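Visitor:
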């Protein structure tokens, strides 16, 4: 049986797939067919983001996984309003977002906040921690006097566990460690009292030993403030632990999506499989790093993007003629999972044997474990 | 060829005693003992590396793990005397014993001009940021050629041929010789760096987080390449990284560094399954794994200490879940782990054994603020 | 400095020591060049402020006594007199004020223009950047001094204000270019995006996020313009394009030249103003270097060296080792060493083989 006979194309990714994140809380933000083109030199156009759709729910974490250049940071900037959409729509609490003027933008910013990747560059070196937190409190909570500000700042610092607050508030960014700076970044985003938090690789610049603590903090904040959280990362293992739903992005498109545990344990798309296979694994006894021998087929880095073909086909071991001539849409595998691949029947046969055996064609739903 | 010889701890500072120390006759190719480096500042010395013993054997991959500021890069660069002022080596010995130097060379005794013989020809380095280490206005072929011509006596044609075969080694098409660094992808640039480091057939290659800036897929590809080249050219690797999970798969032995001191050395198997030092345990419990059942992860709370002002006794005490007042009196010297099957497994913690359970919260006696207690990630 | 205090043996209480260090810390952290420059300039600014009141005579008073014409320095006239019997010291003390005042005004006006043009070009980008960059490039290539001469020659009155405006008009583009480049670099830093994330307005981002990061650059550009203004104003006055009824270092030189002080051998007339111009210039240049070093610590010549074993180790030396004698041996010792047994192990025993 061919893949497209089993898996039906997803018409509108945001609607047809039951996101596992939906169980956590109400819908907060919808990204509908986001597209972003960048004009390069000599009139070339780079489609950084192509037809990306997903939903964010209050209290839930959606993980967006991809390599550098896959467009995952551009998605965050589009949602944050830092970049203009080429086409597509963003809905916040059911209403389309129109950032027509400064007032609308500031209004939007008190709902949606972005946390940057690099804590060494996202804080202004000439200002103290106090300044960084005071501004959003003044702008978004309209607390101006010192008597109003001080308790609020102290509360913020305690929420990100930078205590004693008075001591840290007086410091400059260069006096803080990377982890402490990123805590300040979190506090600054929280000061606007948002409902949606977009975290663009929030821990990738930090030491491994500190990452977990920061992710725990972020998770704690999500729970306490019932935030809808988009967690962008290149580390699929952390997305497994930290997210409800995982979206895998490649060359500007979402190539696979599904519940975190299912997707990481039984990846369907060849790219997701490659990502999972590449993660360091101490338990991997037969690791190519140990045998010191033959490598797998050489991976093509940075192949030029061709429209009208599967973007992964130059690196894909299952690529066929169809993959080189037609770009696969996201196709439903189960009620909560979808992948964009013509050759799912070969790439992930186990997912199909199960569905053939038990579940009817339309209702592919049910956990696939 | 995995070698198991005496670990650094059993070696005393002098050359003479190490010569006859091991009956196996397997001398380490690089023998660092009691090695200390400080950074001189107006506000006092920063003790970046403090009395470290580490041995690297021929053809071996030793991983050096630790968080930023733990002194792992200072140790590696300092042992080749590549650090710039205000760095100052305050003591110890570094003996290099390569094929061309069978009786051993004391690196710390060398005068500046004598060190040039060792550098690159014997010990080379792959830097973390290839973009910064490569010259942007020279083609990559010319840059490798420079290294070859500076350190080997070859004719022009032979040198060019050698550059081409080096690029073959690292799977870069020969026509890329004329490319400039900015025309290459991050992974390709890092491969060029590796080709450059191997240009003169060194016996030791120091790799300072060579893949940290790269994507996982490319990272794995390059690591596999390094391992493959190591098998063919049989050089020893000192691999520096903050990612312990990577080392467990890649390295023969792993040395864990904390606040300028080595806290545990063992084979990667031992580190993985029988970690003895609380810091190593914390590191192992810090990274989420893709495979196997979901574990409870704890991480390491708190921040590394100020190297200017270390706490008395064990420097990990403020962050240690096992800490007791007795820890303030230990000197953090490495001792053999009694229960371990590996005779070379050493740890700086005299109290905690591989199997010791973590004491429940709140029973700690070292007075860390409660907000810094370890917490388990909530399994969803 | 700290070492000096310890050497005297009188160690003040640690508390007072720390207080002192905090109060004067900023001064001690200044690079030596900046310190010398600041002291030199401070001295001249002091003269500019109190100079006219210190002047023993009216600088314009022409002593009718012919015996007092062109007198060499004496007790009554410490720097001698001019051909008209005017006291040179008094002229000098009065003239410094005028010269510095003018240069300061030019510095302020030109720097304000440079900051406005540079930051708008860098921050707004696009069309604005094109137009403003073109404008500053055009001004940059204008031959300044000839244009000054022409402009001032045609202006109806040759007062101080006219000179200030013309000098400022021609002095801003260098600073604008540098500030634009820095703004371009800063604009793409995450903290600018982060403050937009907070919802800050554009002008707030310029004033409070970008400009504070350019303070050392703006200061250096200000000092540079002041230096240029002193040079240009003295040169203009020297060729007579200034109000010759006032006293500045430039007009002093003009009168000295027109009254043939050089041919008459009256060195006390032209050397002091010339020397003062040179000293003020030196002070400004040193201050400028110092500010550069403050903004970019890598420029500091002292940093990156360490003294070990009686030798300075620099950036290109290997890491020094404490306690090992690593002084370069004499040529004779090196020659003798080459015969020793150890020397054999220091050289490779085999040459490079082919790649496997």
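Protein chains in written order, with our numbering: chain A, 1 to 369; chain B, 1 to 380; chain C, 1 to 356.
The beta carbon of each residue, even a glycine, is placed where N, CA and C say it ideally should be.
In this text the structure is predicted, and so the values were computed from the model without any measurement.
From which residue to which residue does the beta strand (DSSP E) around residue 259/A run?
Guide: On the first chain, residue 259/A is found 259 positions in, with the first residue counted as 1. That run of the beta strand (DSSP E) goes 253–259.
Visitor: Can you grab the Cα-Cα spacing for the pair residue 61/A / residue 242/A, in whole Å?
Guide: Along the first chain, one-based indexing puts residue 61/A at 61. Along the first chain, one-based indexing puts residue 242/A at 242. Each residue's alpha carbon lies about 7 Å from the other.
Visitor: Report the rounded CA-to-CA distance for residue 282/A versus residue 248/B, giving the unit in angstroms.
Guide: Indexing the first chain from 1 puts residue 282/A at position 282. Indexing the second chain from 1 puts residue 248/B at position 248. C-alpha separation (whole angstroms): 5 Å.
Visitor: Between which residues of its own chain and residue 226/A is the CB-CB distance below 6 Å, once the five residues before and five after are set aside?
Guide: Counted from its first residue, the first chain places residue 226/A at position 226. Cβ neighbours of residue 226/A beyond the five flanking positions: 58 and 59.
Visitor: For residue 265/C, collect the residues of the same chain with a Cβ closer than 6 Å to its Cβ; drop the 5 residues on either side in sequence, then sort them by chain order.
Guide: Stepping through the third chain from its first residue, residue 265/C is reached at position 265. So no residue of the chain qualifies.
Visitor: In chain order, what residues of the stretch 14–33 of chain A put their CB closer than 9 Å to some CB of chain C?
Guide: Listed in sequence order: no entries.
Visitor: Looking only at its own chain, which residues have a Cβ that is under 6 Å from the Cβ of residue 205/B, when we skip the five neighbours before and after it?
Guide: Position 205 of the second chain, counted from the start, is the residue given in the question as residue 205/B. Around residue 205/B: 124, 197, 235 and 237.
Visitor: Between the stretch 166–179 of chain C and the stretch 109–123 of chain C, are three or more C-beta pairs nearer than 8 Å?
Guide: Judged by Cβ distances under 8 Å, the stretch 166–179 of chain C makes contact with the stretch 109–123 of chain C, as three or more pairs qualify.
Visitor: So does the stretch 247–257 of chain A actually touch the stretch 304–318 of chain A, counting three or more Cβ pairs closer than 8 Å?
Guide: Yes: the two stretches touch, three or more of their Cβ pairs being nearer than 8 Å.
Visitor: Quick one: measure Cβ to Cβ for residue 320/B and residue 332/B, integer angstroms, because I've assumed they're closer than 8 Å.
Guide: Residue numbering aside, residue 320/B sits at position 320 when the second chain is read from its first letter. Residue numbering aside, residue 332/B sits at position 332 when the second chain is read from its first letter. Actually they do not touch by this definition, with Cβ atoms about 12 Å apart.
Visitor: As a quick exercise: from 283/B, 290/B, 297/B and 188/B, pick the residue whose alpha carbon is nearest that of residue 215/A.
Guide: Against the first chain, residue 215/A aligns to sequence position 215. The option with the nearest alpha carbon to residue 215/A is 297/B.
Visitor: Nearest to residue 177/A by CA position, among 60/B, 51/B, 337/B and 67/B, is which residue?
Guide: What you label residue 177/A is simply residue 177 of the first chain in a count that begins at 1. Of the candidates 60/B, 51/B, 337/B and 67/B, the one whose C-alpha sits nearest the C-alpha of residue 177/A is 67/B.
Visitor: Does the CB of residue 55/A have a neighbour CB from chain C at under 8 Å?
Guide: If you number the first chain from 1, residue 55/A lands on position 55. No, its Cβ sits nowhere closer than 8 Å to a Cβ of chain C.
Visitor: Apart from the five residues on each side of it in sequence, which residues of its chain come closer than 8 Å, Cβ to Cβ, to residue 81/C?
Guide: The residue labelled residue 81/C in the question sits at position 81 within the third chain. Around residue 81/C: 63, 68, 69, 70, 71, 87 and 88.
Visitor: Please classify residue 44/B as buried or exposed, where buried requires at least 16 neighbouring CB atoms within 10 angstroms.
Guide: As a position in the second chain, residue 44/B is number 44, starting the count at 1. Exposed, because fewer than 16 other Cβ atoms sit within 10 Å of the Cβ of residue 44/B.
Visitor: Nearest-angstrom Cα distance between residue 148/A and residue 112/A?
Guide: For the purposes of this step, residue 148/A is taken as residue 148 along the first chain, with counting starting at 1. For the purposes of this step, residue 112/A is taken as residue 112 along the first chain, with counting starting at 1. Straight-line Cα distance between these residues: approximately 24 Å.
Visitor: Mind checking if residue 270/A is an interface residue toward chain B, Cβ cutoff 8 Å exclusive?
Guide: On the first chain, position 270 is the one that residue 270/A refers to. For residue 270/A, the answer is no, since every Cβ of chain B falls outside 8 Å of its Cβ.
Visitor: DSSP on residue 75/A, reduced to helix/strand/coil?
Guide: Here residue 75/A refers to the residue found at position 75 of the first chain. Correct three-state label for residue 75/A: helix.
Visitor: Compute the distance between the beta-carbons of residue 338/A and residue 330/A, then report whether it is under 8 Å.
Guide: Counted from its first residue, the first chain places residue 338/A at position 338. Counted from its first residue, the first chain places residue 330/A at position 330. Yes, these two residues count as a Cβ contact at 8 Å.
Visitor: If contact means a Cβ-Cβ distance below 8 Å, which residues of the stretch 179–206 of chain C contact chain A?
Guide: Against chain A - using a Cβ distance shorter than 8 Å - the residues of the stretch 179–206 of chain C are 189, 190, 191, 193, 194, 195, 196, 197, 198, 199, 200 and 201.
Visitor: If we cut at 8 Å on Cβ distances, does residue 113/A have a partner in chain C?
Guide: As a working note, residue 113/A is residue 113 in the first chain. With 8 Å as the cut-off, residue 113/A counts as an interface residue toward chain C.
Visitor: Show which residues of chain A have a CB atom less than 7 Å away from the CB atom of residue 209/C.
Guide: In the third chain, the residue the question calls residue 209/C occupies position 209. Simply 124.
Visitor: Apart from the five residues on each side of it in sequence, which residues of its chain come closer than 8 Å, Cβ to Cβ, to residue 191/C?
Guide: Within the third chain, the letter at position 191 stands for residue 191/C. Cβ within range, chain order: 209.
Visitor: Would the stretch 23–39 of chain A count as touching the stretch 47–54 of chain A if we require 3 or more Cβ pairs under 8 Å?
Guide: In short, these stretches touch, since the Cβ pair count reaches three.
Visitor: Secondary structure at residue 342/B, three-state DSSP: helix, strand or coil?
Guide: Residue numbering aside, residue 342/B sits at position 342 when the second chain is read from its first letter. Here residue 342/B sits in coil by DSSP.
Visitor: So, residue 99/C versus residue 233/C, is the Cβ gap smaller than 8 Å?
Guide: Taking the first residue of the third chain as position 1, residue 99/C is located at position 99. Taking the first residue of the third chain as position 1, residue 233/C is located at position 233. For residue 99/C and residue 233/C, yes; Cβs fall inside 8 Å.
Visitor: Give the interface partners of residue 313/C over in chain B, defined as CB-CB distance under 7 Å, in chain order.
Guide: Residue 313/C sits at position 313 when you count from the first residue of the third chain. Within chain B, the residues near residue 313/C are 85.
Visitor: Can you have a look at residue 197/C and say buried or exposed, based on whether 16 or more other CB atoms are within 10 angstroms of its CB?
Guide: Here residue 197/C refers to the residue found at position 197 when the third chain is read from its first residue. Buried is the call here.
Visitor: Determine whether the Cβ of residue 115/C lies closer than 8 Å to any Cβ atom of chain B.
Guide: For the purposes of this step, residue 115/C is identified with residue 115 of the third chain, where counting begins at 1. Output row for residue 115/C: interface = no.
Visitor: Would you identify the three-state DSSP class for residue 307/C, choosing helix, strand or coil?
Guide: In the third chain, counting from the first residue as 1, residue 307/C sits at position 307. It is a strand residue.
Visitor: According to the neighbour-count rule (16 or more other Cβ atoms, all chains shown, within 10 Å of its Cβ), is residue 257/B buried or exposed?
Guide: Taking the first residue of the second chain as 1, we reach residue 257/B at position 257. Classification for residue 257/B: buried.
Visitor: Quick check: the stretch 25–40 of chain B against the stretch 55–75 of chain B, are there 3 or more CB pairs under 8 Å?
Guide: As far as the Cβ criterion goes, the stretch 25–40 of chain B touches the stretch 55–75 of chain B, which means the pair count is three or higher.
Visitor: For a minimum of 4 consecutive residues, which ranges assigned as the alpha helix (DSSP H) are wholly contained in the stretch 43–107 of chain B?
Guide: Counting whole runs of 4 or more residues, the stretch 43–107 of chain B contains the alpha helix (DSSP H) stretches 72–79.
Visitor: Chain B beta carbons: is any one of them nearer than 8 Å to that of residue 313/A?
Guide: In the first chain, residue 313/A corresponds to position 313, counting from 1. Not an interface residue.
Visitor: At the 8 Å Cβ level, is residue 294/A part of the contact set with chain C, yes or no?
Guide: Your numbering for residue 294/A matches position 294 in the first chain. Because residue 294/A sits at a pLDDT of 48, beneath the cut-off of 50, its placement in the model cannot be relied upon, and the following sentence gives the value as read from the coordinates. With 8 Å as the cut-off, residue 294/A does not count as an interface residue toward chain C.
Visitor: From the beta carbon of residue 368/A, is the nearest beta carbon of chain B less than 8 Å away?
Guide: The residue given as residue 368/A occupies position 368 in the first chain. Caution is warranted here: a pLDDT of 29 is assigned to residue 368/A, below 50, making its placement in the model unreliable, and the coordinate value is therefore given only provisionally. Closer than 8 Å: no.
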